[in-house]
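Asks: Quick one: structure below, then a few questions.
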Amino acid sequence: MTETSIVDLMKKIIDIFNEHAGGDNKLDKEELKQLLIQVYLDDPSLFSSEEKAQEVMNDFDKNLDGSVTFEEFIMQMAKMSTQFKDDSEGNSNSN
1 MTETSIVDLM
11 KKIIDIFNEH
21 AGGDNKLDKE
31 ELKQLLIQVY
41 LDDPSLFSSE
51 EKAQEVMNDF
61 DKNLDGSVTF
71 EEFIMQMAKM
81 STQFKDDSEG
91 NSNSN
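So for the sequence shown, the UniProt record's numbering puts the first residue at 1; every next one is plus one.
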């Protein structure tokens with residue numbers, strides 16, 4: 001297994017965000033959906049209904065302005081990473 005530096009991983013996250021963000025450098029619901037389906041989720045059924053898509057958007061869009069800034073994106077990804085770590089370690093405690 002090849003070691004990847006944390007800097008390389010951070011650059012990749014920035015590149016992924018920028019690839020999907022519009023000219024305003026924010027993600028709207030459709031851009032967020034495409035980003036997550038393309039690079040993060042194996043199960044696009046998460047977006048099988050408008051209600052589910054809006055729920056995911058609300059998880060990322062903390063100020064509920066209809067778009068996701070890079071900061072909001074990173075904060076939610078950190079939260080999700082913690083949940084995955086807890087799950088992989090068999091912890092049931094998810095703050």
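Where is the CB? At the ideal position from N, CA and C, for every residue including glycine.
Every value quoted in this text rests on a predicted model; they were computed, and no experiment measured them.
Are the stretch 80-87 and the stretch 28-36 touching by the rule of at least three beta carbon pairs closer than 8 angstroms?
Replies: no
Asks: Could you tell me the alpha carbon to alpha carbon distance between N95 and D86, rounded to whole angstroms?
Replies: Working through the sequence shown from its first residue, we reach residue 95 at position 95. Working through the sequence shown from its first residue, we reach residue 86 at position 86. A caution first: N95 carries a pLDDT of 47, below 50, which makes its placement in the model unreliable, though a value can still be read off. Roughly 10 angstroms separates the two Cα atoms.
Asks: I'd like the list of long-range same chain contacts for V39, defined as Cβ closer than 8 angstroms, with 5 residues on each side in sequence excluded.
Replies: Counting from one through the sequence shown, the residue named residue 39 turns up at place 39. Cβ within range, chain order: I16.
Asks: Distance check for K52 and residue 97, CA to CA, integer angstroms please.
Replies: Past the boundaries of the shown model lies residue 97; the chain is included only from 1 to 95, so the question cannot be answered.
Asks: Which two residues bound the contiguous alpha helix (DSSP H) that contains F86?
Replies: Along the sequence shown, read from residue 1 onward, the residue named residue 86 stands at position 86. Note that residue 86 is Asp in the sequence shown, not Phe. Taken as a continuous stretch (DSSP letters only), the alpha helix (DSSP H) holding D86 covers F70 to S88.
Asks: Grab the span of the alpha helix (DSSP H) containing D15 for me, first residue to last.
Replies: Indexing the sequence shown from 1 puts residue 15 at position 15. Looking at the DSSP string, the run of the alpha helix (DSSP H) that includes D15 is I6 to H20.
Asks: Rounding to the nearest angstrom, what Cα-Cα distance links N63 and M57 in this structure?
Replies: Counting from one through the sequence shown, the residue named residue 63 turns up at place 63. Counting from one through the sequence shown, the residue named residue 57 turns up at place 57. Their Cα atoms are separated by approximately 11 angstroms.
Asks: Run through DSSP, which three-state label would L36 get?
Replies: Sequence index remark: in the sequence shown, residue 36 carries index 36 (1-based). Reduced to three states, the DSSP call for L36 is helix.
Asks: Would you give the residue range spanned by the alpha helix (DSSP H) that D59 belongs to?
Replies: Indexing the sequence shown from 1 puts residue 59 at position 59. Residues E50 to F60.
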